[in-house]
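From first to last, the protein sequence lines are chains E and W.
When the letters of the first sequence are read in order and numbered with this note's numbering, they come out as residues 11 to 374.
When the letters of the second sequence are read in order and numbered with this note's numbering, they come out as residues 17 to 354.
See below for the structure under consideration.
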Amino acid sequence: MNGQSVTKERTPGERAAKQRATGVQGIRESAATEPTKTMASADPVLEVDGLSVVYESNGQLANAVNDVSFTVNQGQIVGLVGESGSGKSTLAYAIMRLLPANALVADGSVRIMGEDVYRMSDEQLRSTRWKRFSMVFQSALVALNPVLTIEWQFMEMFRIHRPDMSRAEARRHIVGLMELVRIHPDRLKTYPHELSGGMRQRIIIAMAIALDPDLVIMDEPTTALDSVVQRDILLEIRRIQQSRKFSVLFISHDLRLVQFLCHEIGVMYAGRMVESGPTSAIKAAGLHHPYTEGLIAATPTLAKRDRALLQGIGGQPPDLTRLPGGCAFHPRCPIARPVCKSTAPGRVTVGELNMLCHRTGFDE
Amino acid sequence: MGNDTLLQVKDLVVRFRVPGSKYRPTFIRPVNGVTFSMQQGEIVGIVGESGSGKTTLGRTIVRMVSPTSGEIRLRGRDVTRLGRRQLSGYWREVQMMFQDVYASFNPVFTVGQQLRYVVNKHRDQHRQDVDVELDRLLGVTGLTPPDVFRRKLPHELSGGQRQRVALVRALAVMPKLLVADEPVSMLDVSLRADVLNLILNLRDEFGLSYLFITHDLPSARAVCDRILVMYGGRVVEIAFADDLLDQPLHPYTQRLISAADFAEDSGLQTAPPAEDAGQVMAELLESYKGCPFRRKCPLAMDICETVDPAFRAVSPTHSVACHAVDDAVASEARGSLQ
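This is the structure:
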């Protein structure tokens with residue numbers, strides 16, 4: 011297999027100590043050079059390169075994100091799937107440079123439109139964040155201020171980021187945004203608790219795209235919603251994305267949603283991106299990472315009428331402070347071999363897919 | 017329906033006053049004329065969106081909410097008006113698993129203490145026998161080794177483990193019926209399948225019956241024998257799970273199915289416009305007239321504005337409440353089901 015190589019394992023402590031001194035190490039994914047059919051131009055909006063994030067709590071280090079690389083191109087929707095604790099939300103916060111104080115970017119870089127987010131000055135960051143890249147947070151009720159009206163919260167954003175805009179101009183803009191997410195502008199005078207969950211989420215999406223960003227990161231935007239509203243919101247995201255041409259990094263634990271919405275998908279497990287590639291290849295039968303196969307088998311769908319078809323992955327997600335040696339998935343993996351316990355797998359390319367697994371080496 | 021009928025619910029109505037309407041009281045009916053029955057050992061799904069009344073129906077059946085009118089019978093015995101003392105006997109047979117499992121545990125007691133408390137409350141048993149029993153249940157639900165889990169506090173458990181302990185707590189009483197409110201929707205997909213399979217296995221092992229409340233139709237299909245679809249406090253359709261999904265008759269059921277159907281990329285159609293729903297659904301208001309789904313229904317007719325559609329059987333096992341399902345459709349459905 012060309013492109014196969016083995017990533018050197020380091021303990022979290024060493025990684026943290028080395029910080030960014032050594033620069034980027036590890037194997038880069040070929041995503042950036044892969045031909046992508048889904049968009050017109052291949053300008054990278056977001057480049058994440060060898061990113062590692064370490065959390066410190068009670069003197070223990072947890073490798074929440076471990077050597078993750080991927081690219082989001084202009085006008086593309088890229089999805090990240092993984093269960094709780096797989097590091098997908100940490101990755102989103104690292105991209106926004108919003109990590110809590112006990113977290114540290116140990117390695118790698120994040121570039122948005124070619125600019126390294128971690129080399130920006132505070133002033134630069136303040137002016138770029140939300141204008142160039144914004145985020146839709148998981149809980150819309152928590153993300154909105156409960157004691158201010160929706161309009162006030164919109165106005166505040168324009169006052170800070172677009173001081174050149176007059177109030178009347180900003181208001182016109184806000185009404186336009188409300189129409190875009192299909193909420194009656196009368197609702198601007200209401201407080202968040204007066205709105206239904208779906209409407210709140212639409213407002214949050216409107217706020218995220220208000221300043222015409224190049225990239226919108228969406229962290230589980232539909233998880234708290236029921237299935238009918240969830241689908242409406244997904245269709246809304248797709249419609250607005252097609253008219254405004256921004257890029258989206260869409261994070262979810264539900265493979266169904268990601269397959270439905272995204273052009274490319276990355277599957278995360280225990281802080282690593284274990285499989286990535288275009289949605290069609292992830293959906294297609296064929297060789298996948300065993301974790302991806304497990305996710306597909308575990309997802310209830312309407313087509314799965316035979317009860318035997320629903321199979322859990324078994325076991326528990328790993329404790330990030332005590333990751334198993336070798337491949338982190340080996341304790342739950344149905345096809346694990348002795349080599350999986352001892353050696354961390356390297357990245358291999360299978361067709362259009364990129365995987366972190368020993369399995370391709372099994373047959374030889 | 018023979019002697020195995022476990023639960024019968026007839027014309028059940030629950031009426032709440034809208035908070036804040038003290039001086040001009042307005043009322044909603046989150047459960048409005050619900051009728052159904054279930055057999056021993058059956059898993060019946062209650063499916064509907066937020067605000068459809070499915071949780072209130074579940075809570076009313078376990079008698080945490082008192083019905084305004086109607087009737088609930090457990091194995092023929094009327095339990096609609098049980099008093100406090102009699103209720104504890106009722107809860108020996110009917111248990112509930114709550115949606116927010118974490119909030120349903122006391123954070124300062126260990127799993128073992130909380131489980132033992134429940135058993136002692138309902139059964140007169142020697143302490144050692146209780147422990148043996150609990151260990152067995154913990155083992156059955158995959159919480160091994162049991163003695164480790166008995167010593168844990170709720171916050172030390174993961175989401176999937178907490179869900180299992182909640183199952184054990186409900187099972188420890190050896191109930192006949194378990195009302196499970198969204199037992200898997202807070203879980204990651206990778207753990208969801210395990211809990212769903214556990215629910216099926218426990219039915220086989222203990223002959224347990226479930227009312228499985230969820231908004232996720234695929235999860236309901238994975239475990240339920242029959243599915244009951246609720247909208248605006250009413251049951252709009254009820255059928256065997258396969259019939260309901262293959263031949264949905266009510267427009268709302270059809271909408272639920274298309275919302276869950278991510279396999280087909282039918283998403284290119286434009287989304288329906290955002291609705292202007294506030295916190296209380298207008299459909300639940302007592303003053304509401306006509307079919308609860310009419311404002312979103314693609315098939316709405318004049319009659320839907322004024323006349324509440326009757327719940328009628330299109331086959332012995334398939335019933336629907338819709339004016340648009342005319343007799344031709346019904347007889348066609350009847351023909352293909354036979």
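Ideal Cβ placement from N, Cα and C applies to all residues, glycine included.
Whole-angstrom distance between residue j and residue i, CA atom to CA atom
| i | j | result |
| --- | --- | --- |
| residue 84 of chain E | residue 260 of chain W | 43 Å |
| residue 146 of chain E | residue 171 of chain W | 28 Å |
| residue 258 of chain W | residue 258 of chain E | 37 Å |
| residue 132 of chain E | residue 351 of chain E | 43 Å |
| residue 106 of chain W | residue 128 of chain W | 24 Å |
| residue 345 of chain E | residue 368 of chain E | 10 Å |
| residue 301 of chain W | residue 119 of chain W | 30 Å |
| residue 240 of chain E | residue 348 of chain E | 42 Å |
| residue 362 of chain E | residue 288 of chain E | 7 Å |
| residue 334 of chain W | residue 255 of chain W | 4 Å |
| residue 243 of chain E | residue 148 of chain E | 13 Å |
| residue 366 of chain E | residue 167 of chain E | 42 Å |
| residue 232 of chain E | residue 245 of chain E | 11 Å |
| residue 65 of chain W | residue 238 of chain E | 7 Å |
| residue 127 of chain E | residue 119 of chain E | 8 Å |
| residue 239 of chain W | residue 208 of chain W | 12 Å |
| residue 71 of chain W | residue 141 of chain E | 42 Å |
| residue 222 of chain E | residue 214 of chain E | 14 Å |
| residue 357 of chain E | residue 229 of chain E | 26 Å |
Proximity of residue i and residue j at Cβ, strictly below 8 Å
| i | j | result |
| --- | --- | --- |
| residue 29 of chain W | residue 52 of chain W | no |
| residue 225 of chain W | residue 93 of chain E | no |
| residue 197 of chain W | residue 112 of chain W | yes |
| residue 186 of chain W | residue 194 of chain W | yes |
| residue 116 of chain E | residue 62 of chain E | yes |
| residue 355 of chain W | residue 322 of chain E | One cannot answer for residue 355 of chain W here, as it falls past the ends of chain W, which runs 17 to 354. |
| residue 285 of chain E | residue 302 of chain E | yes |
| residue 108 of chain W | residue 138 of chain W | yes |
| residue 136 of chain E | residue 106 of chain E | no |
| residue 59 of chain W | residue 244 of chain W | no |
| residue 151 of chain E | residue 202 of chain E | yes |
| residue 312 of chain E | residue 234 of chain W | yes |
| residue 74 of chain E | residue 330 of chain E | yes |
| residue 262 of chain E | residue 91 of chain E | yes |
| residue 158 of chain W | residue 143 of chain W | no |
| residue 320 of chain E | residue 338 of chain E | no |
| residue 60 of chain E | residue 77 of chain E | yes |
| residue 176 of chain W | residue 210 of chain W | yes |
Residues sharing a beta bridge with residue i, DSSP
| i | result |
| --- | --- |
| residue 365 of chain E | E:285, E:358 |
| residue 117 of chain E | E:62 |
| residue 26 of chain W | W:87 |
| residue 196 of chain W | W:113, W:228 |
| residue 52 of chain W | W:25 |
| residue 81 of chain E | E:57 |
| residue 127 of chain E | In DSSP, residue 127 of chain E forms no bridge with anything. |
| residue 262 of chain W | DSSP, once it has assigned bridges, lists no residue as partnering residue 262 of chain W. |
Residue i: contacting residues in chain E (beta-carbon distance under 8 Å)
| i | result |
| --- | --- |
| residue 58 of chain W | The contacting residues do not exist; residue 58 of chain W stays about 15 Å from chain E at best. |
| residue 65 of chain W | 236, 237, 238, 239 |
| residue 278 of chain W | 266, 267, 269, 270, 311 |
Neighbourhood of residue i by C-beta distance below 6 Å, restricted to the same chain and skipping five residues each side
| i | result |
| --- | --- |
| residue 320 of chain W | 306, 307, 310, 339 |
| residue 95 of chain W | 88, 106 |
| residue 164 of chain E | 184 |
Cut-off 8 Å between Cβ atoms - residues of its own chain near residue i, not counting five sequence neighbours on either side
| i | result |
| --- | --- |
| residue 135 of chain W | 141, 146, 149, 150, 188, 189 |
| residue 209 of chain E | 193, 197 |
| residue 313 of chain W | 267, 268, 307, 320, 340 |
| residue 27 of chain W | 49, 50, 51, 85, 86, 87 |
Chain C contact for residue i (CB, 8 Å cutoff)
| i | result |
| --- | --- |
| residue 231 of chain W | Of the protein chains in this structure, namely E and W, none is chain C. |
Chain E contact residues for residue i, given Cβ-Cβ distances below 9 Å
| i | result |
| --- | --- |
| residue 166 of chain W | Residues of chain E passing the Cβ test: none, with the nearest at roughly 18 Å. |
| residue 272 of chain W | 237, 238 |
Residue i: contacting residues in chain W (beta-carbon distance under 7 Å)
| i | result |
| --- | --- |
| residue 308 of chain E | 205, 206, 208, 209 |
| residue 264 of chain E | 205 |
| residue 323 of chain E | 206 |
Under 7 Å from the C-beta of residue i: neighbouring residues of chain E
| i | result |
| --- | --- |
| residue 174 of chain W | 326 |
| residue 243 of chain W | Correct list: empty, because the minimum Cβ distance to chain E is about 12 Å. |
Own chain residues within Cβ distance below 7 Å of residue i, not counting five before or after
| i | result |
| --- | --- |
| residue 187 of chain E | 216, 220 |
| residue 325 of chain E | 341, 342 |
| residue 44 of chain W | 32, 34, 296, 300, 301, 302 |
8 Å Cβ cut-off: residues of chain W touching residue i
| i | result |
| --- | --- |
| residue 93 of chain E | 204, 205, 206, 207 |
Any non-hydrogen atom of the ligand FMN closer than 7 Å to residue i Cβ
| i | result |
| --- | --- |
| residue 311 of chain E | The ligand FMN is not part of this structure, which contains no ligands at all. |
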